[in-house]
Structures are given as C-alpha cells and as structure tokens.
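Each remark here refers to the structure printed beneath this line.
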Amino acid sequence: MDHSQRRVHLQLSKTGGPPFNGSVGYVNDRIAPLLQGHGWQVRAFAPPRPRRPAAQESMVPMALARALADLGSGPRPLLAIHDGAGVSIRGPARQWAQHHLVLYHGLAYGTGAWIGNDAIDVHCANSPYLARSLRAVFATPDWKARRVLDPEGFTRVIDVPMPVPCVSTPAGEPGFPLGADVPPAVRRAVDAGVVVGHALQPGKQDLMATVGILYALNDIARRRGGTRVMLAISEQSLPPAHRASIDAMLAGSGLRCADLFLPVPHLHQRAVFELFGLARFGLAYNLFPEPFGFYVLESVHAGCPVYTNGVGNNRFLLPAGHGISVVEDAAMVADASGQVSPAAFLPVAEAILGGLGDPAAVAAACARGRALIDAQWSPAAFEAGFMAAVDRALEPPPPVVDFDVLEVQIGPLVRGLDAASGVVRGDYASRVLDRRERGLVRDLLGQSAADLDANEMQRIEAAHRLFEEGVLALGLAPQAMAGSAGFPVDRTSGTGSIPG
59 MDHSQRRVHL
69 QLSKTGGPPF
79 NGSVGYVNDR
89 IAPLLQGHGW
99 QVRAFAPPRP
109 RRPAAQESMV
119 PMALARALAD
129 LGSGPRPLLA
139 IHDGAGVSIR
149 GPARQWAQHH
159 LVLYHGLAYG
169 TGAWIGNDAI
179 DVHCANSPYL
189 ARSLRAVFAT
199 PDWKARRVLD
209 PEGFTRVIDV
219 PMPVPCVSTP
229 AGEPGFPLGA
239 DVPPAVRRAV
249 DAGVVVGHAL
259 QPGKQDLMAT
269 VGILYALNDI
279 ARRRGGTRVM
289 LAISEQSLPP
299 AHRASIDAML
309 AGSGLRCADL
319 FLPVPHLHQR
329 AVFELFGLAR
339 FGLAYNLFPE
349 PFGFYVLESV
359 HAGCPVYTNG
369 VGNNRFLLPA
379 GHGISVVEDA
389 AMVADASGQV
399 SPAAFLPVAE
409 AILGGLGDPA
419 AVAAACARGR
429 ALIDAQWSPA
439 AFEAGFMAAV
449 DRALEPPPPV
459 VDFDVLEVQI
469 GPLVRGLDAA
479 SGVVRGDYAS
489 RVLDRRERGL
499 VRDLLGQSAA
509 DLDANEMQRI
519 EAAHRLFEEG
529 VLALGLAPQA
539 MAGSAGFPVD
549 RTSGTGSIPG
C-alpha cells in the first residue's frame, strides 16, 4: 500500500506524556510513534482549549465541535484507533474512517458506542481475561430471537500484551515523576523490625478483607510471639470515617487502625519501587475487577510477592510459584447480612507467614516471575501484538458467530463456584446459589444453545439471572477448555493461564 494512503486518526485518552497519565497514558503514548515507525501518517485528536477562560465547554461543546469539524477536513483516513474513553469523542462510523480499532483498557467507558457497532473491525483487549469478558458481554443471549447481543463483535475480539514499564526501567519509570518520596514513617517501621506490606491501589481495595488479613497476621504474631505486621496503604483509602469504622471493628481486640496501617501519599514511581524493596509482601484483596494488573506485576518484578483474591486478571497473570499467590475460598464471601467471619482470612495470613518464613523460596519465585514478565510484556511484544491487531483491522471481518454453535459455560467473571454451598465468587458480583440454582447450573453447563428451548431459557433467566449476573455465559467450546483452569471449585492456589 502507498504510504500516502496509510492515514490514521487517533482518539486516545490521557495522552501527552511524559509525565504519563497513569498506565493508560503510558500505553496510549506509545501508539503514535509506533505507527509512525511503521510508515503511517498519524493525526491525533487533542482536547480542545476554549479561548474564553469562563467558557462553558463542559455544558455546550462548541470547541469540541470545531475540533471535530477540523478533523473531518481532508481525505477519509484508512484507520481510526480509539480507546474506551475515545469512542465518546466521536463514535466509530464508516462515514469518517474506513476501518476502526478500539483498544480496551477496561469496559467502563463509551459502552453505547461500541456494543453492537458493526463499524468496529477489531475489539482489542489488554489481556486474554478482558477478551473473554468482552465476548461474554457480546454473547448475552436473546433466547426468543435465538441470537446474541453482538454477533459481529463476538468474532472480532483479540488481545495484545501490554508494555509493562518495569521491563524497560526496573527501578521505576522516570516518566512518572509526580508524587512524594517514601514517607519516613515507613522507614522507621522497617528499622524497628516491623514486617511491612504494601497495598497502594486507592479505590480498588476490599477494605474489610484487608483489615481482616492484617488482624489475623497480628493476632497470630501475638499468640506465637512473632513480629508485628503493618501495611503501607494509600492515604486515600483511609479517610477519617473509614479509620473510625476500623477502630470500631477492632474494639476490644487491643488493636487500632493506626496499629495496622501506614498511610502514605501518592508516590512517584521510583518511590513505589523503593517501597517494594522495603516491603516483604503485597496485598491485592480488591473489589475492582482488574482488566490487566500493572501494579501486581511491578511488585513481583521488584522481588516482592503479592497475595490476592484473584479479582479480574490478577488470577491469570502468572502461574503458581512465580510470585503471585491467589488465596480465596467460599468463607471469604459475605453472608446475607453482609458479614464475613474474621476467621475467614486466616488462610491468607498463614500463606503470608509461610512466605516470610522461607525468604529464599519467595525470592526464587519472584525471580521466575520477573523472567516471565520480561519475556511476556516487553515493548517489542507490545509492538508485535499491536501491529498485528492493526493489520487484522484492515482485513475482511471474520464470519458472524452462529448462535447454535455456542454452548453454556461458567462465565469468565467467576473466580470460583463452591458446589457444596453454592457460593459464587465473582468479579461482577458474588452470590449464593440455592439448591434449585445449583441444579440448573449443573444441568446447563456444556449444553449447546441449539438444544435449549427458548421459552424455558427465558423463564429460567427471568427467575434466576444466571447470565445477567455473569454466573453463566455463552461461548465456543475451545475457549471454554482454555479458560477452565481459571475457575477452581475450592480455594484457588495459583492461576491457570499465562497471557500470550
């Protein structure tokens, strides 16, 4: 193809670094130079700047309209590349670009612009887990019409390996300079012999689970004459109201919130990696279903193991014995009253203490993890994967999926399903299946959509919401076999796949 015809418009959020605007900005800022290096003429959308300081652009988008009109001048580009937030700027349509690729850093943005949009040639996920989740969304069944929500989109989903900054800059990416140094309080705790862990993911944590784990660690230490344990945690995760609630929970235990946590401000990335070097473990007991998992990988790469409930892609990042331990069971799911027994988190505490007692084994596991991270998520791997996605977007689309060839599977958002209790641990929502629902799941699994009665399935779904709540999904049989290792029946220990 003549290079003069290789025009691409970029509609990507959080660009303009360094300094990079988070992990999304770090990835998105690599795309323009990558395309230019492969002979593309790149035109990137830039957020408009109203000329009047008091202009009400957020309410009346006049500057945006001007910017879109300017972008529309000239030849129609061969390709437009969006991310989830970018599709909100201008929805993918053949009228203004011949082909469209959407890069998903998650599924939170622009949903109405990408679900059911036949103009999108490639739905490009940032992990195999997110790709499976996208397919499950697209395969939401309409039993009456015997079709899925987006049969075109289902067959256009791929995934590419993300570039993890620490592969290129093991001490921390200097393009993330904003933030504080490691607080003196953390250093004092380490110097005093306190075992320090880390959990710097504000807005993502299951705070009650995190408190339960820290309480269990310190209760065991008190009974066995062990070492005190504290967690360096983002100060955003512990506003005064949360601290007061934790103090109330701990009343009578002899512990307070301040005995368990070391609040830290936002740190620049090199300080984060310095903290990884001081810490003995990381915690990622989160509610947020992580689409990829930069933070967890960075900790392991720095030699600090991570213990997690496996929410989102965290359970698939590395195989067992490579620095990430997935420890979760049915007892850790809240009951009907929203309560979890403090004893539920003893297995996590015991796993952490086991690692603390065998530092050589932990170091070896993290070294194996680091080698896989370097091989799997390098700049070169991202370049190869992303340019293959671009090539795929220019090809004729694959055939639309046939509803009748799909089969019922455990949904990709399910972390575990306990057959005895019916407890479903899910990234969308956890729930407890009653006896009837457990029987339905058992009977439906593996059934072909072609063999299921539409009226009966409508009745079942209206009553039990098994597909709507992510317990079940429609998928192709080979994908069911590839993903099944990630859905343990009992407690998870390790993960089932390595993204490729």
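No gaps in the numbering here: position 390 of the sequence shown is 448 in the working numbering, and each next residue is one more.
Note that the Cβ used here is the ideal one computed from N, Cα and C, for glycine as well.
Remember, it's a predicted structure, so these values are computed and weren't measured experimentally.
Could you pull out every residue in the same chain whose Cβ sits closer than 8 Å to the Cβ of residue i, ignoring the five residues on either side in sequence?
i, result
"Thr268", "Ala257, Leu289, Ile291, Leu341, Tyr343"
"Ser488", "Val391, Ala392, Val481, Val482"
"Arg101", "Arg65, Val66, His67, Leu68, Leu129, Pro135"
"Ala423", "Pro363, Gly379, His380, Gly381"
"Val354", "Gly340, Ala342, Glu348, Val364, Thr366, Asn372, Leu375, Ile382"
"Ala425", "Gly361"
Alpha carbon to alpha carbon, how far is residue i from residue j?
i, j, result
"Leu491", "Val385", "22 Å"
"Leu534", "Arg205", "14 Å"
"His326", "Tyr84", "14 Å"
"Glu441", "Val218", "9 Å"
"Arg64", "Leu129", "16 Å"
"Leu333", "Pro199", "47 Å"
"Leu136", "His157", "6 Å"
"Arg483", "Ile278", "27 Å"
"Asp432", "Val225", "5 Å"
"Asn184", "Val195", "16 Å"
"Asp462", "Ile518", "19 Å"
"Val248", "Gly255", "10 Å"
"Gly251", "Ala418", "19 Å"
"Gly75", "Val82", "11 Å"
"Leu502", "Ala429", "41 Å"
"Thr73", "Ala309", "47 Å"
"Gly132", "Ala155", "11 Å"
"Met515", "Gly528", "15 Å"
"Pro400", "Tyr486", "23 Å"
"Leu414", "Ala402", "20 Å"
"Ala222", "Lys202", "Looking at the sequence provided, one finds Val at residue 222 rather than Ala. Their backbone Cα atoms lie some 44 Å apart in a straight line."
"Leu510", "Arg500", "14 Å"
"Met307", "Ser436", "44 Å"
"Gln434", "Tyr187", "15 Å"
"Ala127", "Arg107", "15 Å"
What does DSSP give as the partner residue(s) for residue i in the beta ladder?
i, result
"Ile216", "Cys182"
"Gln294", "The partner list for Gln294 (beta bridge, DSSP) is empty, contrary to what the question assumes."
"Arg500", "According to DSSP, Arg500 bridges with nothing at all."
"Gln69", "His140"
"Glu465", "Ser506, Gly533"
"Val472", "Gly484"
"His157", "Leu137"
"Asn344", "Gln263"
"Pro321", "Ile291"
"Pro349", "Answer by DSSP bridge pairing: none, since Pro349 is not bridged."
Following a CB-centred definition, is residue i positioned closer than 8 Å to any heavy atom of the ligand NAD?
i, result
"Ala389", "The ligand NAD is not part of the structure shown, which contains no ligands of any sort."
Give every residue of the same chain whose Cβ lies closer than 7 Å to the Cβ of residue i, excluding the five residues on either side of it in the sequence, and list them in chain order.
i, result
"Phe78", "Tyr84, Asp87, Gly233, Phe234"
"Asp208", "Ile173, Gly174, Phe196"
"His522", "Glu495, Leu498"
"Ser295", "Pro260, Gln263, Leu265"
"Phe525", "Thr198, Pro199, Glu519, Ala531"
"Ala151", "Ala177"
Can you give the beta carbon distance from residue i to residue j, rounded, assuming they're within the 8 Å contact cut?
i, j, result
"Val160", "Ile178", "5 Å"
"Leu318", "Asn276", "7 Å"
"Ser311", "Tyr365", "The pair is not a contact, with the Cβ atoms about 22 Å apart (cut-off 8 Å)."
"Ala121", "Val145", "Not really, about 19 Å apart at Cβ, beyond 8 Å."
"Ile271", "Val406", "5 Å"
"Glu293", "Val322", "6 Å"
"His324", "Gly230", "About 14 Å; that fails the 8 Å criterion."
"Arg473", "Gly368", "5 Å"
"Ser191", "Pro470", "5 Å"
"Ala447", "Val118", "No, Ala447 and Val118 are not in contact; Cβ-Cβ is about 36 Å, not under 8 Å."
For residue i, which residues from the same chain have a beta carbon less than 6 Å from its beta carbon, with the 5 sequence-adjacent residues on both sides left out?
i, result
"Arg193", "Phe212, Val215"
"Gly427", "Val358, Leu376, His380, Gly381"
"Gly351", "Asn371, Asn372, Leu375"
"Asp239", "Ala329"
"Ala538", "Model confidence at Ala538 stands at a pLDDT of 39, short of 50, so the residue's coordinates are unreliable; what they give is reported in the following sentence. Closer than 6 Å at Cβ, skipping near neighbours: Gln467."
"Phe346", "Lys262"
"Ala243", "Leu320"
"Asp476", "Ala388"
"Phe444", "Val218"
"Val253", "Thr285, Val287, Arg338"
"Pro456", "Thr213"
"Ser479", "Ala388"
Consider the Cβ of residue i: report whether some Cβ of chain B lies at a distance smaller than 9 Å.
i, result
"Pro377", "Protein chain content of the structure displayed is limited to a single chain, and chain B is not contained in it."
Touching by the beta-carbon criterion (3+ pairs, under 8 Å), the stretch 198-218 and the stretch 439-459: Three or more pairs of CB atoms, one per stretch, sit closer than 8 Å, so the stretch 198-218 contacts the stretch 439-459.
Taking contact to mean at least 3 C-beta pairs separated by less than 8 Å, is the stretch 460-480 in contact with the stretch 489-506? The stretch 460-480, when compared against the stretch 489-506, does touch it at the 8 Å Cβ threshold.
Contact between the stretch 95-107 and the stretch 156-170 (3+ Cβ pairs under 8 Å): No contact exists between the stretch 95-107 and the stretch 156-170.
Counting pairs of Cβ atoms below 8 Å between the stretch 132-152 and the stretch 68-78, do you hit three or more? Taking 8 Å as the limit for Cβ pairs, the verdict is that the stretch 68-78 does touch the stretch 132-152.
Using a Cβ distance threshold of 8 Å, determine whether the stretch 401-410 contacts the stretch 376-391, with at least three qualifying pairs required. Taking a cut-off of 8 Å for Cβ pairs, the stretch 401-410 and the stretch 376-391 touch, as three or more such pairs fall below it.
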